[in-house]
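Numbering (the numbering used here), first residue to last: 722 to 875.
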Ligand SMILES: [Zn+2]
């Protein structure tokens with residue numbers, strides 16, 4: 722899809738902040754970064770490589786890849802951030818290309834910031850570009866992948 726932002730942006734991700742954290746033949750994940758200011762640490766976006774609007778449009782192999790990636794990434798997020806919970810959100814309304822938000826909830830997060838408001842907690846761990854990149858390195862090490870450098874060398 723030529724007009725889809727996510728279809729277009731995939732090729733630039735290896736040079737984006739933190740690079741690719743996870744990749745297989747069908748899906749990939751990277752850390753979410755705000756355009757300005759520090760970013761919430763432990764916020765990943767998992768996307769399909771093929772332009773797929775919703776879960777109902779996945780083929781079986783993609784569905785398996787998404788499920789496996791969610792499990793692996795959630796585990797790595799918990800270990801690397803110390804999160805007590807990893808939230809999973811999917812809307813696909815602003816960008817209608819299947820993508821899942823995986824967001825760490827840290828110990829001590831007040832209950833009024835749980836679930837969809839977790840990113841609004843003013844005391845949540847946030848980081849600049851180098852801190853995001855350091856977390857991505859930890860996640861890749863935990864996942865046993867070297868995605869970023871593999872892609873850059875292609
Ligand atoms: Zn797309």
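C-beta: ideal position from N, C-alpha, C; glycine also.
- In the DSSP assignment, residue 793 falls within the alpha helix (DSSP H) that extends over 781 to 802.
- Residue 818 and residue 828 have their C-alpha atoms spaced approximately 32 Å apart.
- Within a 10 Å sphere around the beta-carbon of residue 781 sit fewer than 16 other beta-carbons, which makes this residue exposed.
- Just so you know, the alpha carbons of residue 797 and residue 858 end up roughly 11 Å apart.
- The C-alpha of residue 810 lies about 7 Å from the C-alpha of residue 823.
- Here residue 856 is near residue 762, since their CB atoms are less than 7 Å apart.
- Assignment of residue 833 by DSSP, reduced to helix, strand and coil, places it in the helix class.
- In the three-state reduction of the DSSP assignment, residue 848 falls in the strand class.
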